[in-house]
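Engineer: After the structure tokens below, expect a handful of questions from me.
There are 4 protein chains.
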Amino acid sequence: MNVTRAGIINVTGYVGIELARLLHQHPQVELVSVTGRSAAGQKLGKVFPHLAGIDLTIEAELGEVDIAFSAMPHKDSAAVVVPLLERGIRVLDMSADFRLKDVAEYQRRYGVPHPAPHLLKQAVFGLPELHRSEIVGTRLVAVPGCYPTGAILALAPVVKAGLIEPDIIVDSKSGVSGAGRTPTQGTHYTEVNEDISAYGLGGHRHLPEITQELGLLRRRQSPSVTFVPHLTPMTRGILTTCYATPATDKLTAGDKGQEELVRLYERFYKDHPFVRIMDSPPHTKHTWGSNMCLIHPTVAPDTGKLVVVSAIDNLVKGAAGQAVQCMNLMLGLPEVTGLQAPAVFP
Amino acid sequence: MNVTRAGIINVTGYVGIELARLLHQHPQVELVSVTGRSAAGQKLGKVFPHLAGIDLTIEAELGEVDIAFSAMPHKDSAAVVVPLLERGIRVLDMSADFRLKDVAEYQRRYGVPHPAPHLLKQAVFGLPELHRSEIVGTRLVAVPGCYPTGAILALAPVVKAGLIEPDIIVDSKSGVSGAGRTPTQGTHYTEVNEDISAYGLGGHRHLPEITQELGLLRRRQSPSVTFVPHLTPMTRGILTTCYATPATDKLTAGDKGQEELVRLYERFYKDHPFVRIMDSPPHTKHTWGSNMCLIHPTVAPDTGKLVVVSAIDNLVKGAAGQAVQCMNLMLGLPEVTGLQAPAVFP
Amino acid sequence: MNVTRAGIINVTGYVGIELARLLHQHPQVELVSVTGRSAAGQKLGKVFPHLAGIDLTIEAELGEVDIAFSAMPHKDSAAVVVPLLERGIRVLDMSADFRLKDVAEYQRRYGVPHPAPHLLKQAVFGLPELHRSEIVGTRLVAVPGCYPTGAILALAPVVKAGLIEPDIIVDSKSGVSGAGRTPTQGTHYTEVNEDISAYGLGGHRHLPEITQELGLLRRRQSPSVTFVPHLTPMTRGILTTCYATPATDKLTAGDKGQEELVRLYERFYKDHPFVRIMDSPPHTKHTWGSNMCLIHPTVAPDTGKLVVVSAIDNLVKGAAGQAVQCMNLMLGLPEVTGLQAPAVFP
Amino acid sequence: MNVTRAGIINVTGYVGIELARLLHQHPQVELVSVTGRSAAGQKLGKVFPHLAGIDLTIEAELGEVDIAFSAMPHKDSAAVVVPLLERGIRVLDMSADFRLKDVAEYQRRYGVPHPAPHLLKQAVFGLPELHRSEIVGTRLVAVPGCYPTGAILALAPVVKAGLIEPDIIVDSKSGVSGAGRTPTQGTHYTEVNEDISAYGLGGHRHLPEITQELGLLRRRQSPSVTFVPHLTPMTRGILTTCYATPATDKLTAGDKGQEELVRLYERFYKDHPFVRIMDSPPHTKHTWGSNMCLIHPTVAPDTGKLVVVSAIDNLVKGAAGQAVQCMNLMLGLPEVTGLQAPAVFP
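Chains as they are written, first to last, in the working numbering: chain A, 334 to 679; chain B, 334 to 679; chain C, 334 to 679; chain D, 334 to 679.
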């Protein structure tokens, strides 16, 4: 059996260590190199005791690999991705650098000119449920943001089917690990525990990813998405509650409409092993550590609004797990390889 | 100084003990009697160690009082409230029994015929920010539900001013104490911690309170509210995120519109000491144990939607504190009496 | 490859579902039958959404299996275990029924006569680090309690080496899942979160397990253990802090003594893959979902007391993982089979 | 009525804002000045929204006051305290600078020579339950550390009565606010939540305070205290579990001994309104926001060891509340003035 050698650039953040956890368990990939400037020279298991089973030293530069995951911040990520691609290494980029097709939008949101616009054409938005065949054939995957994953999967079936008006509300509740590993006042335990708050009301960087992907599903009527994220007192998980108005005459009322809606979702995702349609509201805790996305589509009885709720683990389906799922496709492996562990509950 | 004698019926739930905590600190009211069937005969401070400073025994029947708070469940509450009123005792009812003016709606939501429809005319919805003068003159206050308090206060200024279309989304995130003191699978620590979920998608009982009160503010155009509550891993607090579409030409765009919006809210609440308009998104934790409602109104930069976020402590401004505020008005006391302690933070 | 068919009796508690999670991932065992009276007839994945990948219906009676795990409560467990053994099925009992060798102690702690004293001789205390060879040869393993696992592993090296006086303090801090899945006032989210308390001060049932096992390590001087458990606001994990007085002249002072102590522990556990000796205090979170026990032995600089801290996941190394580890030994498999997933962190 | 003007130096930490919360509610003291270098010039309520009811601007220098609380770190605190005392202002120092009578011990623990040894004689250790009359007469109170408060109050009665051997174990569990307001990796939400760990095993700075104060109670036999603090996933609260061996023949066995023990504690604290002796293990949550210390003394049934558990709110009885209690004594006010609000529960 031919084992693929994988590497992680910037392993020392939460996305990096989650990639390490998943790749270590992958039966057909070997994690052979991890980098991290601040911790270079230290054993991975010394810095992160839960990874003591992985016998690797954190390096300053990536070693010899066949495929690389970059967990660098935006802009810096492009800088490391470009030479890797030139050396023929396949890349999964966890940053925002290759997610948006529109360089002007990138510049507006990230405040810098796009660092490598020539790669945007070959980069594939790494959401296998929408772009599986493109991912299979590419050498550069832009792994989506955590919020967009939950929102797009919740909305794709109804957007594609033209069942809703373009005006959409996305109210997301994220665990604190989404804010990264660097301590800040806003993620200090004493200030976050027993607290919930909205943020990003001035415009969140993940919004254009949502708009771009939903727009591709229904080109003739661009969606208008109002997106408000909330910091929730939990470590992992994103719950996304989406609200939309059904297009005239497109959704049957009552229980029958509800059944049709569920069937639409089940059909849409029938070949996608990491999406499950639920007949009750999903709990983020049921996805803890797993790559599942749980979706509950419903029609509000009092107003007829479409309400769709999705739950993911932001570090797995919202980041590292999704990346491994894409990697499996790139390598011609079954999509679920190494990703079948149930969630850890409770 | 004439001290008013107050009593609490069913002190053994979370609303009951929060009333006890607040009334014990009130300088012009003396808590003289508390009842609770399951714990009758026991010292209050024995069952609830944090209340050991209150020297009262939990009784089966209410003693001699001038004013009574009923923390009984709906239907049972009306049964105890009616005889109290007949004896001339003023009543603040914490249950849903006298909140809705429409008895058919009550029956639809609570599954029983209204237990005392003849009292609905005199009952006042106990939200002082909207009904202060009526509360001053009544003998029966129906203290609002926790969710409606957060939602109505967030929306009242723009609804009254006719600034938004009637289609409104209310996405609420509540701490677990809102589910009461009786242990259930859904409030078991191990299942709630590190989890968030939506519930009540089939229609929540608090919705008609919101619709009724917003409807009174703008009679010619009844609002249509889609309301989804979420169970959040925290003990206290409700964060309410409201979404609406500005009515045509009613809201100036950009920073100027934002300023006008803030000024509108400040004007609306300028004589209301328990509402504060914030220039950044509020945190529920900043209201812990206090009667404040913090509101942040804003316009989404990408879509122009109105987004208003409010934060309250569900057991204080969402229940017991609001009741004491109403009691102050009924007794001719300054509205803030006994309610000025800052939130306990962090 | 010959696959062993495994079954779980009473899958509906936390130990039961954790066994299901681990057995489902085991490469050489197939989980073929799960029982649970209250949920009989329902799909496992319907009751526990995180287990939806396991296609089993919860049954009233156990199907055909080669090996069975009983997650029944004490006394009831013996009643189901006896007939299984008679049918030649190997059994891992998660209850207390076969842990104590002294039937009088059993009766004193559990308030009932021992239900099957004739089996005590063949039953092996399922702590592989102390009883590996006996486990290999037995048909009945009594899987230890969660507290005893953390305490015994922390103390075994120094007790066996005779390094400490028999007077030992064991101060344990457990997550709430140790209290089981049945909701109670004491495990209600609102009462547990932001709270820590001691319990079992009148004598905890797990104490005699600790005393029995430490006594076997140092027969001439029976240990006297004072054990106080604490309920900690977290879902999983037990941190055990043990205090003892070094026997005269047995422990060198200062840094050299510390090094000798660490070397003693490393030697003791060198062939035991699930114990790791740490050079800094362990965190329960570094064991989340994994079978590791992390131990940090040290000498208090101010008083010369021995202080040993251990961390485990109470549902894994403290219950289900330990049982699978024992099963591996019983089946002649490598001890680590199916148990090598790193902890899920953060 | 003559109102005392109070000031807080370094209001921007958790002890500082808790002092502000309590002083704002004090009926006979007016908080007139607060300082804080990093936030100088800003409104207090802008930086700390829960204190918006206090109309003060954070200053660089303390204004005109009669009494001052210094919440500066050790060493820096002495530097600001000395000139205040010289100006005749009474001072309550929240730092460690004047707690230890032994300057060598101070230097060993804090790594700097004592900054003002000439003041040590007049400084009084601010634990009113042990030093009430000295506090009444002093101008400089050294408010104890949070851990020492919980430990000393738990042990004082038995140490003073000579009921225990000098060898004492103190196992403390603290909420995260004890670590202060500055964000660090160790207090980052994602790393602390669902985790418990020991720290300070190499010797914690609070240990000599415990030893000093217990030593004063029983001069002929200096106690030897092994102290291990634990970081617990909660915001506020310290639970302290103390273990000691009864001195020969000093404690009656069985229920009668238990009763005698409780009576000893009740007698010891009968004139102390902020200590309550409990007949069941205390919960930190029952002290949330209050100045109470709850103590449960008991004898372990299996080993006869004395086990005493105490619970406090580390920011109130462990810091700011204790300081206000001392201030009341210094000002000749009733000890409980401004400190009678019940805990906020749940």
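Think of the CB as a built atom: it goes at the ideal place given N, C-alpha and C, for glycine as much as any other residue.
Can you tell me the Cα-Cα spacing of Pro579 (chain D) and Ile610 (chain B), whole angstroms?
Structural biologist: Cα-Cα distance, rounded: 60 Å.
Engineer: Given that Ser510 (chain D) touches chain B, what residues does it touch there, using C-beta distances under 7 Å?
Structural biologist: Result: Pro679.
Engineer: Count the other CB atoms, across all protein chains shown, that sit within 10 Å of the CB of Lys589 (chain B); report buried if there are 16 or more and exposed otherwise.
Structural biologist: Result: exposed.
Engineer: Does any C-beta atom of chain A lie closer than 8 Å to the C-beta of Glu351 (chain D)?
Structural biologist: Answer no: the Cβ-Cβ gap between Glu351 (chain D) and chain A never drops below 8 Å.
Engineer: Closest to Leu425 (chain D) by CA distance: which of D:Leu460, D:Arg441, D:Tyr443 and D:Glu438 is it?
Structural biologist: Of the listed residues, the one whose Cα sits closest to Leu425 (chain D) is D:Leu460.
Engineer: Check this for me: beta carbons of Val492 (chain D) and Pro556 (chain D), under 8 Å apart or not?
Structural biologist: Contact flag set, yes.
Engineer: Would Leu666 (chain A) and Arg465 (chain A) qualify as a contact pair, given that the criterion is a beta-carbon distance under 8 Å?
Structural biologist: Result no, Cβ atoms of Leu666 (chain A) and Arg465 (chain A) do not sit closer than 8 Å.
Engineer: Using 8 Å for Cβ pairs, my map puts Ser371 (chain C) next to Thr345 (chain C). What's the rounded Cβ distance?
Structural biologist: Their Cβ separation, rounded to whole angstroms, is 6 Å, which keeps Ser371 (chain C) and Thr345 (chain C) in contact under 8 Å.
Engineer: Checking 8 Å against the spacing of the C-beta atoms, do His447 (chain C) and Gln455 (chain C) come in under that value?
Structural biologist: In this structure, Gln455 (chain C) does not lie closer than 8 Å to His447 (chain C) by Cβ.
Engineer: When you compare only the Cα positions, how much space is there between Asp500 (chain A) and Thr617 (chain B)?
Structural biologist: Cα-Cα distance, rounded: 29 Å.
Engineer: Under the rule that 16 or more other beta-carbon atoms within 10 Å means buried, what is Arg698 (chain C), buried or exposed?
Structural biologist: Any property of residue 698 (chain C) remains undetermined from this structure, which presents chain C solely from 334 to 679.
Engineer: For the beta strand (DSSP E) containing Asp500 (chain A), list its first residue and its last residue.
Structural biologist: Taken as a continuous stretch (DSSP letters only), the beta strand (DSSP E) holding Asp500 (chain A) covers Ile497 to Ser507.
Engineer: Which of the three DSSP states, helix, strand or coil, is assigned to Ile422 (chain B)?
Structural biologist: Residue state, collapsed to three classes: coil.
Engineer: Check the C-beta distance from Leu488 (chain A) over to Cys575 (chain A) and give it rounded, since I have them as a contact under 8 Å.
Structural biologist: With 8 Å as the limit, Leu488 (chain A) and Cys575 (chain A) qualify as a contact, their Cβ atoms being about 6 Å apart.
Engineer: Taking CB distances under 8 Å as the criterion, tell me whether Val474 (chain B) reaches chain C.
Structural biologist: Val474 (chain B) does not count as touching chain C.
Engineer: Please report the Cβ distance between Val398 (chain B) and Ser366 (chain B), rounded to the nearest whole angstrom; I am assuming they are in contact, meaning their Cβ atoms lie under 8 Å.
Structural biologist: Confirmed, about 6 Å.
Engineer: Within 8 Å (strictly less), CB to CB, does His521 (chain C) reach chain B?
Structural biologist: Yes, its Cβ sits closer than 8 Å to a Cβ of chain B.
Engineer: Measure the Cβ-Cβ separation of Ile543 (chain B) and Val558 (chain B) and say whether it is below 8 Å.
Structural biologist: For Ile543 (chain B) and Val558 (chain B), yes; Cβs fall inside 8 Å.
Engineer: According to DSSP, what are the bridge partners of His619 (chain C)?
Structural biologist: His619 (chain C) pairs with nothing; no bridge assigned.
Engineer: Any beta carbon of chain B sitting closer than 8 Å to that of Gln518 (chain C)?
Structural biologist: Yes, because at least one Cβ of chain B sits closer than 8 Å to the Cβ of Gln518 (chain C).
Engineer: Quick check on the DSSP output: the beta strand (DSSP E) that includes Pro579 (chain A) runs from which residue to which?
Structural biologist: Pro579 (chain A) -> beta strand (DSSP E) spans Ile571 to Pro579.
Engineer: Listing by chain order, which chain B residues have their CB less than 9 Å from the CB of Asn647 (chain C)?
Structural biologist: By Cβ distance, chain B contributes nothing, its closest Cβ being about 11 Å from Asn647 (chain C), past 9 Å.
Engineer: By how many angstroms is the C-alpha of Ile497 (chain C) removed from the C-alpha of Leu572 (chain A)?
Structural biologist: Straight-line Cα distance between these residues: approximately 52 Å.
Engineer: Determine the DSSP secondary structure at Arg596 (chain C), reduced to helix, strand or coil.
Structural biologist: Three-state DSSP puts Arg596 (chain C) in a helix.
Engineer: Quick one: list the residues of chain A neighbouring Glu527 (chain D), beta-carbon separation under 8 Å, in chain order.
Structural biologist: Here the neighbours are Thr568.
Engineer: Can you give me the C-alpha to C-alpha distance between Arg600 (chain A) and Thr620 (chain A), rounded to a whole angstrom?
Structural biologist: Cα to Cα, Arg600 (chain A) sits roughly 22 Å from Thr620 (chain A).
Engineer: Which same chain residues, not among the five before or five after Gln518 (chain A), have their C-beta less than 7 Å away from its C-beta?
Structural biologist: Taken in chain order, the residues that qualify are Glu524.
Engineer: Which one of D:Gly495, D:Ala512, D:Asn526 and D:Leu550 has the shortest CA to CA distance from His537 (chain D)?
Structural biologist: Out of D:Gly495, D:Ala512, D:Asn526 and D:Leu550, D:Ala512 has the C-alpha closest to the C-alpha of His537 (chain D).
Engineer: Can you give me the C-alpha to C-alpha distance between Val457 (chain B) and Met660 (chain B), rounded to a whole angstrom?
Structural biologist: Cα to Cα, the separation comes out at about 12 Å.
Engineer: Nearest to Ala412 (chain B) by CA position, among B:Arg551, B:Leu452 and B:Tyr602, is which residue?
Structural biologist: The shortest Cα separation from Ala412 (chain B) among B:Arg551, B:Leu452 and B:Tyr602 belongs to B:Leu452.
Engineer: If you check the beta carbons only, do Glu462 (chain B) and Tyr602 (chain B) fall under 8 Å apart?
Structural biologist: The answer is yes: Cβ separation under 8 Å.
Engineer: For chain B, find out if any of its Cβ atoms is closer than 8 Å to the Cβ of Asp289 (chain A); answer yes or no.
Structural biologist: Missing from the structure shown is residue 289 (chain A); chain A here goes from 334 to 679 and no further.
Engineer: Report the neighbours of Ile497 (chain D) on chain C: residues whose CB is nearer than 9 Å to its CB, in chain order.
Structural biologist: By Cβ distance, chain C contributes nothing, its closest Cβ being about 13 Å from Ile497 (chain D), past 9 Å.
Engineer: In or out: Thr631 (chain A) buried (at least 16 other Cβ within 10 Å) or exposed?
Structural biologist: Buried.
Engineer: How would you list, in chain order, the residues of chain D whose beta-carbon sits under 7 Å from the beta-carbon of Pro675 (chain B)?
Structural biologist: Within chain D, the residues near Pro675 (chain B) are Arg354, His357, His383, Leu384 and Gly386.
Engineer: Is Glu351 (chain B) buried or exposed, if buried means 16 or more other CB atoms sit within 10 Å of its CB?
Structural biologist: Per the 10 Å Cβ criterion, buried.
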